[in-house]
Ligand code: FES
């Protein structure tokens, strides 16, 4: 749960500046890894804007997430090349270790697990990416060691 005093401070810093709304949302996103309904309501109220306008910006830009996100983003490729080389087994191993399903975030908000279709590194498949760092030719037994680097 966000600290509303902190949200208010972010709003106060950027209120009235050009592209203030987007910048404020970006800062809240950076700090909490997502935009909660409460945070968006607060921004609308403090800036005197309709909530629909805040929602419009929040859903327009891909950088914003309306779902809680973990501090670390784990992406497993399930494109054809990675799939046939065992991408699904990587997903299952991560799900088992972190006790989340693909698309979910751990309760401590440390990790979000997602799957994608082809990240353009098929020769390295199966590929797992953590916070933008690529791990190619991954096998399930190596997953735990990789995750430990981020815990
Ligand atoms: S299918 Fe995984 S990188 Fe292309």
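In my numbering, the protein residues as written are 5 to 155.
Just so you know, even glycine gets a beta-carbon here, dropped at the ideal spot from N, CA and C.
Same chain, Cβ closer than 8 Å to residue i, neighbours up to 5 away in sequence not counted
i: residue 26; result: 61, 65
i: residue 39; result: 29, 32, 33, 62, 68, 69, 70
i: residue 18; result: 24, 27, 28, 31
i: residue 92; result: 82
Cβ shell of residue i (< 6 Å), same chain only, five flanking positions each side left out
i: residue 89; result: 129, 130
i: residue 142; result: 94, 130, 132
Beta carbon of residue i nearer than 8 Å to that of residue j
i: residue 114; j: residue 155; result: yes
i: residue 82; j: residue 119; result: yes
i: residue 127; j: residue 117; result: no
i: residue 94; j: residue 104; result: no
i: residue 121; j: residue 74; result: no
i: residue 125; j: residue 139; result: no
i: residue 134; j: residue 147; result: no
i: residue 6; j: residue 42; result: yes
i: residue 109; j: residue 144; result: no
Residue span of the alpha helix (DSSP H) that contains residue i, given as start and end
i: residue 10; result: 8-18
Same chain, Cβ closer than 7 Å to residue i, neighbours up to 5 away in sequence not counted
i: residue 123; result: 81, 131, 133
i: residue 54; result: 48
i: residue 8; result: 46
My parser needs the beta strand (DSSP E) runs of 3 or more residues fully inside the stretch 77-144; what are they? If we require 3 residues or more, the beta strand (DSSP E) runs fully inside the stretch 77-144 come out as 115-120, 132-134, 137-139.
Contiguous alpha helix (DSSP H) assignments of at least 4 residues, all confined to the stretch 27-71: Scanning the stretch 27-71 for uninterrupted alpha helix (DSSP H) segments of 4 residues or longer gives 41-51, 55-64, listed from N- to C-terminal end.
Measuring CB atoms only, is the stretch 45-52 touching the stretch 6-18, in the sense that at least three cross pairs come out at less than 8 Å? Contact between the stretch 45-52 and the stretch 6-18 is present: three or more C-beta pairs spanning the two stretches fall below 8 Å.
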